[in-house]
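Notes follow once the structure below has been shown.
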Amino acid sequence: MYNQYCNMAETVDIPIELYKSQQGKYFVGYADNLKFGNGTSAWARLYNPCDSGVNLHVNVWTVSDISTAPFQAQFWFNAVPSGTIQKSAMVTASNTAIQPIPRPEVKIQSASYVTEEPKGGTKAFIRSGQPQTTLVDTENGKFIFPPGGSFLIYLTLEETGSQAASGRVAFGWWEERICN
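Have a look at this one:
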């Protein structure tokens with residue numbers, strides 16, 4: 017008996033995140049212990065260094081564990097932030113089956129107790145949240161940043177006063193090599 021399916025082509029539809037992870041191009045990480053309030057702000061960003069050789073595709077972001085009061089998250093494209101920049105070590109490839117584990121070109125940076133908004137760039141959108149809630153959105157890679165670009169989340173309390181706050185920002189992204 018002839019098996020009519022022997023020569024049939026197989027097609028599989030998988031999410032882009034899984035595909036990029038299989039290629040070793042998908043990364044996750046976070047900036048923790050962001051401190052602000054009492055008239056100050058904090059920020060975290062995905063920064064694509066000028067010499068990275070890749071385009072950054074933002075897939076997902078989260079803002080969580082904001083304590084004490086309602087807060088605002090401003091989303092800036094390609095802005096120059098103020099404050100003392102810290103580099104996060106909490107970054108990994110999502111596919112740890114590849115050896116050696118791929119390392120991202122893009123960096124997660126952050127700063128706490130910032131007194132000035134970012135300069136230049138574009139404030140693309142704003143979201144508000146309540147204490148102890150998580151803001152999250154999936155962008156599916158549609159926010160694309162070239163070398164030297166960045167995706168920055170700037171955190172402030174909606175009510176000014178003498179309250180202290182802290183929080184965490186996490187990201188998922190992939191990187192595509194730029195062909196010249």
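One point on numbering: in the numbering used here, the residue at position 35 of the sequence shown is 51, and numbering is uninterrupted. Cβ coordinates follow ideal geometry from the N, Cα and C atoms, glycine included.
Residues that Gly183 bridges to, as DSSP identifies them | Looking up residue 183 in the sequence shown gives position 167. BP columns for Gly183 point to Leu50.
Does the region 137–149 come close enough to the region 45–55 to have 3 or more Cβ pairs within less than 8 angstroms?
-> Output reads no: the region 45–55 does not touch the region 137–149.
Using the C-alpha atoms, what's the distance from Glu133 back to Gly99?
-> Start at 1 with the first residue of the sequence shown, and residue 99 comes out as number 83. Start at 1 with the first residue of the sequence shown, and residue 133 comes out as number 117. Roughly 10 angstroms between the two C-alpha positions.
Report the rounded CA-to-CA distance for Pro163 versus Thr149, giving the unit in angstroms.
-> For the purposes of this step, residue 163 is taken as residue 147 along the sequence shown, with counting starting at 1. For the purposes of this step, residue 149 is taken as residue 133 along the sequence shown, with counting starting at 1. Using only the alpha carbons, I get a separation of about 33 angstroms.
Is it right to say Thr68 is buried, meaning 16 or more other beta carbons lie within 10 angstroms of its own, or is it exposed?
-> Your numbering for residue 68 matches position 52 in the sequence shown. It should be pointed out that residue 68 corresponds to Ser in this sequence rather than to Thr. Ser68 comes out buried.
What residues in its chain sit with their C-beta under 8 angstroms from that of Pro147, if we drop five residues either side in the sequence?
-> To locate residue 147, count along the sequence shown from 1; it is residue 131. For Pro147, the CB contacts under 8 angstroms within the same chain, skipping 5 residues up- and downstream, are Ile82, Ser83, Thr84, Ala85, Pro86 and Phe87 in chain order.
Considering only residues of the region 104–183, which uninterrupted beta strand (DSSP E) runs meet the minimum length of 3 residues and lie entirely inside it, listed in chain order?
-> Fully enclosed beta strand (DSSP E) runs of no fewer than 3 residues occupy 107–109, 123–130, 138–145, 151–161 and 166–173 of the region 104–183, in order along the chain.
Jot down the residue ranges of each uninterrupted beta strand (DSSP E) in the region 60–86, minimum 3 residues, whole runs only, in chain order.
-> Those beta strand (DSSP E) runs which fall completely within the region 60–86 and span 3+ residues are 70–80.
If I'm right that Ile211 touches Ala127 with Cβ under 8 angstroms, what's the distance once you round it to whole angstroms?
-> Residue 211 falls outside the range modelled here, since the chain spans only 17 to 196, and no answer is possible.
Look at the Cβ atom of Gly45, then the Cβ atom of Ile124, and state whether they are nearer than 8 angstroms.
-> The residue labelled residue 45 in the question sits at position 29 within the sequence shown. The residue labelled residue 124 in the question sits at position 108 within the sequence shown. Going by C-beta atoms, Gly45 is nearer than 8 angstroms to Ile124.
Sort Asn71, Ser37, His73 and Thr78 by Cα distance to Gly183 and report the nearest one.
-> The residue labelled residue 183 in the question sits at position 167 within the sequence shown. Nearest C-alpha to Gly183: Thr78.
For Tyr35, count neighbouring Cβ atoms within 10 angstroms of its own Cβ and tell me buried if that reaches 16, exposed if not.
-> As a working note, residue 35 is residue 19 in the sequence shown. Classification of Tyr35: exposed, given that the 10 Å Cβ count is below 16.
In the structure shown, what three-state DSSP assignment does Glu192 receive?
-> Within the sequence shown, numbered from 1, the residue matching residue 192 stands at position 176. Correct three-state label for Glu192: strand.
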